[in-house]
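Written out below as structure tokens is the structure these notes cover.
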């Protein structure tokens, strides 16, 4: 009996220690989030609680607006919210989605209508954009879709010059897609290994 009680007590101690460490880690994350985004502790706690459930929330949004979804992104200031870009007409509005097992927290979701192309349609243009960009520009690092702007970003290592700008103008003229714009971004580092993590097309054949 004593052995059984000892084992049970040990389990309680270990469980309590785990919870304590988890809470301590969460508190540190809260402080770091508040510092990075310049928000209060309560807002940081709420935001990180939402983050723990974000995948399920995003899945719900994607299913609900399938066929019209142009982009999803997060805004952290002044309060945490999920912004959803949609094609077609509608009245821009902010709604709230409940979080499972969280009675005091719901997620603000801002709906913005009027996008010219869905996310899927834009992503289908990535390889075409990559091929065309490489015809006009050197040191192309990645071509990826920006869910916030609805543009395809062409990331180029280097700095803009008069000669490069002339090439960019030629590229934009050759693109000829009224629904998905190209945006040239100059970077000073190589991001090829990171490309796939952000849904882009890495340039590995240069």
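Residue numbers (mature numbering (1 follows the signal peptide of the UniProt record, and there is no 0)): -22 to -1, 1 to 184. We put the beta carbon where it would ideally sit given N, CA and C, even for glycine.
Check: Please name the residue in 158, 166, 149 whose C-alpha comes closest to that of residue 137.; Outcome: 166
Check: Quick check: the region 61 to 70 against the region 92 to 102, are at least 3 beta-carbon pairs closer than 8 angstroms?; Outcome: yes
Check: Please say whether residue 119 and residue 168 have beta carbons closer to each other than 8 angstroms?; Outcome: yes
Check: Please classify residue 79 as buried or exposed, where buried requires at least 16 other C-beta atoms within 10 Å of its C-beta.; Outcome: exposed
Check: Nearest-angstrom Cα distance between residue 21 and residue 151?; Outcome: 45 angstroms
Check: Among 159, 15, 45, 86, which residue has its Cα nearest to the Cα of residue 104?; Outcome: 159
Check: Which first and last residues belong to the alpha helix (DSSP H) in which residue 26 is found?; Outcome: 19 to 30
Check: Determine the burial state of residue 35: buried for a count of at least 16 other Cβ atoms within 10 Å of its Cβ, exposed for fewer.; Outcome: buried
Check: In this structure, what does DSSP give as the bridge partners for residue 133?; Outcome: 120, 163
Check: In whole angstroms, what is the alpha-carbon distance linking residue -2 and residue 6?; Outcome: Only weak support is given to the placement of residue -2: the predicted model assigns it a pLDDT of 41, under 50, and the value that follows is read from those uncertain coordinates. Answer to the nearest angstrom: the Cα atoms are 11 angstroms apart.
Check: Classify residue 72 as helix, strand or coil using the three-state DSSP reduction.; Outcome: strand
Check: Would you call the CB atoms of residue 29 and residue 59 closer than 8 angstroms?; Outcome: no
Check: Give me, in chain order, the residues of the same chain whose beta-carbon lies closer than 6 angstroms to that of residue 161; leave out the 5 immediate sequence neighbours on both sides.; Outcome: 129, 131
Check: Beta-carbon within less than 6 angstroms of residue 71's beta-carbon, same chain only, minus the 5 sequence neighbours each way: which residues are those?; Outcome: 89
Check: Which residues share a DSSP beta bridge with residue 59?; Outcome: 53
Check: Answer yes or no: do residue 32 and residue 96 have a C-beta to C-beta separation smaller than 8 angstroms?; Outcome: no
Check: Take residue 63 as the anchor and find which of 127, 81, 2 has the nearest alpha-carbon.; Outcome: 127
Check: Hey, out of 116, 61, 13, whose CA is closest to residue 141's CA?; Outcome: 116
Check: Our contact map puts residue 50 next to residue 125 with C-beta atoms below 8 angstroms; I'd like the distance itself, whole angstroms only.; Outcome: 6 angstroms
Check: Indicate the three-state DSSP secondary structure (helix, strand or coil) for residue 103 in the structure shown.; Outcome: coil
Check: Three-state secondary structure (DSSP) at residue 110?; Outcome: helix
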